[in-house]
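As they're listed, the protein sequences go chains A and B. Counting in the working numbering, the first sequence tops out at residue 263, every number present. Counting in the working numbering, the second sequence tops out at residue 237, every number present. Glycine included, each C-beta is placed from N, C-alpha and C at the ideal position.
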Amino acid sequence: MSQLANLKVLIADDHFLIRQFVRNTLQDSKINNVQTAADGNEAIDLIQKAFDVTQPYDVVFLDWNMPTISGLEVLSYFRAKPEYANTAFVMLTAESEQQNIMKAIKAGATSYIIKPVSPSDLSKKLVEIHEWIKRKRQNAQAHG
Amino acid sequence: MEKETATQASLSLDEALAQDISAAVVNAMRSTFGVAVVPGTFEVGEGMVSLVGDVSGVIGMVQSHLEGTLTLCLTYETVRNILPQVVGKSVSITHEMAVDAVGEITNMIFGQIKSSLAQRGYHMKLGIPCVVSGKGHFVSQFHRGRYMIVPFHLDGQLFQVYVALHAEASKAI
Chain A
120 MSQLANLKVL IADDHFLIRQ FVRNTLQDSK INNVQTAADG NEAIDLIQKA FDVTQPYDVV
180 FLDWNMPTIS GLEVLSYFRA KPEYANTAFV MLTAESEQQN IMKAIKAGAT SYIIKPVSPS
240 DLSKKLVEIH EWIKRKRQNA QAHG
Chain B
65 MEKETATQAS LSLDEALAQD ISAAVVNAMR STFGVAVVPG TFEVGEGMVS LVGDVSGVIG
125 MVQSHLEGTL TLCLTYETVR NILPQVVGKS VSITHEMAVD AVGEITNMIF GQIKSSLAQR
185 GYHMKLGIPC VVSGKGHFVS QFHRGRYMIV PFHLDGQLFQ VYVALHAEAS KAI
């Protein structure tokens, strides 16, 4: 659990309720390096700036429906860039249609979480996401 | 013809739909706010009815042969009861916070109802959620079909989910 505390996380959601809810859950897991974005444009800007100063986000939570640019578009934008291959992009959305889930998975979502989600289920997902990040880094080192 | 339509509509607004609504509301409130809401006895009726609330989330529901509206109607008291569970007890709840929260709760609850209906073979499209606010406002659905109201209780407070289906639409469900 202590390794989770080192994660750097961005929560992109236009609703403050969800930004605060996820932040609370992350804090319960001792994750305090957390920023938020209220729309897709702001999310893209923050993700790029963090990468430019060599402090990229480990995990980005994306709502599907956001003003300006959707979460799916943000996901597709960064998945087209190999330098973000080790970043976990997690869709956190009320969109529950199977075809949308498939669309997000095809676009490269690391995980897909349907709202509402309980803090305990979100914490379990975080552990899985952390494992994914570790595997990606190990593979990168093995092939680097 | 009207009688036949009304009969079909009453089949749609049934125990199974009330259970879908109850499960969605109970789950959203427990997951997001950690509160236990208790569903009451649902009511089915005909024609127009007005709900009274302070913050309401409204969303349209359509299918090829169906038109309906889903409404979540809460009082400020209920919103002030649940929101501090997420934003903290020391934070004073603003009007904007209440509207934002009800918009998102509406999204989550009706998204889950849509998913439950899809599992039962009813594939719906939902419109863009709309939040109406104002102390003691009325929410009136102008339709000639049937409606269902499912009440929920939380620490002595009451809030309601209202489903209205257009009479012509009832053939599909």
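*Ignoring anything shorter than 3 residues or poking outside the segment 135 to 194 of chain A, list the beta strand (DSSP E) runs there in chain order.*
152 to 156, 178 to 181
DSSP three-state assignment for ILE173 of chain B, whether helix, strand or coil: By 1-based counting over the second sequence, the position of residue 173 of chain B is 109. In this structure, ILE173 of chain B counts as helix in the three-state DSSP scheme.
Return the chain-ordered list of same chain residues with a C-beta closer than 8 Å to the C-beta of VAL143 of chain B, the five sequence neighbours on each side being excluded. The sequence position of residue 143 of chain B within the second sequence is 79, counting from 1. Here the set comprises ASP118, VAL119, ILE157, ALA162, ALA165, VAL166.
Between LYS67 of chain B and the rest of its own chain, which residues show a CB-CB distance below 7 Å, the 5 nearest in sequence each way excluded?
-> Your numbering for residue 67 of chain B matches position 3 in the second sequence. Unreliable placement is indicated for LYS67 of chain B, whose pLDDT of 40 sits below 50; the coordinate value is still reported in the next sentence. Here the set comprises nothing.
Problem - CA-to-CA distance, SER179 of chain B to LYS189 of chain B, given in whole angstroms - result: Position 125 of the second sequence, counted from the start, is the residue given in the question as residue 189 of chain B. Position 115 of the second sequence, counted from the start, is the residue given in the question as residue 179 of chain B. In a straight line, the C-alpha of LYS189 of chain B is about 10 Å away from that of SER179 of chain B.
Could you list which residues in chain B have their beta carbon closer than 9 Å to that of LEU211 of chain A, in chain order? On the first sequence, position 92 is the one that residue 211 of chain A refers to. In chain order: nothing, as chain B lies at least about 11 Å away.
What does the Cβ neighbour count give for PRO186 of chain A, buried or exposed, with the cut at 16 atoms within 10 Å? Position 67 of the first sequence, counting from 1, holds the residue named residue 186 of chain A. PRO186 of chain A comes out exposed.
- [ ] Indicate whether SER237 of chain A and GLY175 of chain B have their beta-carbon atoms separated by less than 8 Å.
- [x] For the purposes of this step, residue 237 of chain A is taken as residue 118 along the first sequence, with counting starting at 1. For the purposes of this step, residue 175 of chain B is taken as residue 111 along the second sequence, with counting starting at 1. No, these two residues do not count as a Cβ contact at 8 Å.
Item to check | Extent of the continuous beta strand (DSSP E) to which SER204 of chain B belongs | outcome: The residue labelled residue 204 of chain B in the question sits at position 140 within the second sequence. Element bounds for SER204 of chain B: 194 to 204.
- Query: So with Cβ pairs under 8 Å, would you call LYS153 of chain B a contact of chain A?
  - Reply: For this step, residue 153 of chain B is matched to residue 89 along the second sequence. Judged by the 8 Å Cβ criterion, LYS153 of chain B is not in contact with chain A.
Practice task
Quick one: give me the first and last residue of the alpha helix (DSSP H) that THR96 of chain B is part of.
Solution key: Sequence index remark: in the second sequence, residue 96 of chain B carries index 32 (1-based). Looking at the DSSP string, the run of the alpha helix (DSSP H) that includes THR96 of chain B is 79 to 97.
Q) Counting only runs that start and end within the segment 226 to 254 of chain A, where is the beta strand (DSSP E) found for 3 or more residues in a row? A) 230 to 233
Considering only the beta carbon of each residue, do THR212 of chain A and LYS234 of chain A sit closer than 8 Å?
If you number the first sequence from 1, residue 212 of chain A lands on position 93. If you number the first sequence from 1, residue 234 of chain A lands on position 115. Yes; because the gap between Cβ atoms is below 8 Å, this pair is in contact.
| query | Near HIS230 of chain B, which residues of its chain fall below 7 Å by C-beta distance, leaving aside the five closest residues on each side in sequence? | reply | As a first step, residue 230 of chain B is located in the second sequence; it is residue number 166 there, counting from the start. Around HIS230 of chain B: GLU131, GLY132, HIS207, GLY209.
### Residue interval of the beta strand (DSSP E) (run including GLN122 of chain A)
Taking the first residue of the first sequence as position 1, residue 122 of chain A is located at position 3. Neither: GLN122 of chain A is in no beta strand (DSSP E) and is coded neither H nor E.
Between ALA88 of chain B and the rest of its own chain, which residues show a CB-CB distance below 6 Å, the 5 nearest in sequence each way excluded?
On the second sequence, residue 88 of chain B is found 24 positions in, with the first residue counted as 1. Answer for ALA88 of chain B: ILE173, GLN176, ILE177, listed in chain order.
request  = Return the Cβ separation of VAL214 of chain B and PRO103 of chain B in integer angstroms, given the expectation that the two are a contact with Cβ distance under 8 Å.
outcome  = As a working note, residue 214 of chain B is residue 150 in the second sequence. As a working note, residue 103 of chain B is residue 39 in the second sequence. That belief holds up - the Cβ atoms of VAL214 of chain B and PRO103 of chain B are roughly 6 Å apart, short of 8 Å.
Name the residues in the segment 143 to 169 of chain A whose C-beta lies less than 9 Å from a C-beta of chain B; which are they? ASN143
Using CA coordinates, which residue listed in A:ASN205, A:ASP158, A:ILE137 is at the minimum distance from LYS127 of chain A? Start at 1 with the first residue of the first sequence, and residue 127 of chain A comes out as number 8. Nearest of A:ASN205, A:ASP158, A:ILE137 to LYS127 of chain A, Cα basis: A:ASN205.
Q) What three-state label does DSSP hand ASP219 of chain B in the structure shown? A) The residue given as residue 219 of chain B occupies position 155 in the second sequence. Coil, per DSSP.
For ILE192 of chain B and MET112 of chain B, what's the separation of their Cα atoms in angstroms? As a working note, residue 192 of chain B is residue 128 in the second sequence. As a working note, residue 112 of chain B is residue 48 in the second sequence. Rounded to the nearest angstrom, the two C-alpha atoms are 22 Å apart.
| task | Check PHE208 of chain A in the structure and name its three-state DSSP category. | result | Along the first sequence, one-based indexing puts residue 208 of chain A at 89. If DSSP states are grouped into helix, strand and coil, PHE208 of chain A belongs with the strands.
**Message:** Check for me: the alpha helix (DSSP H) holding SER76 of chain B runs from which residue to which?
**Reply:** Locating residue 76 of chain B in the second sequence gives position 12, where the first residue counts as 1. Counting along the chain, the alpha helix (DSSP H) containing SER76 of chain B begins and ends at 66 to 76.
Taking beta-carbon pairs under 9 Å, can you tell me which members of the segment 173 to 186 of chain B lie near chain A?
ILE173, PHE174, GLY175, GLN176, LYS178, SER179, ALA182
| said: Suppose contacts are defined by Cβ-Cβ distances below 8 Å. Is PHE106 of chain B in contact with ALA80 of chain B by that definition? | reply: Reading the second sequence from its first residue, position 42 is the one you call residue 106 of chain B. Reading the second sequence from its first residue, position 16 is the one you call residue 80 of chain B. No, they are not a contact pair.
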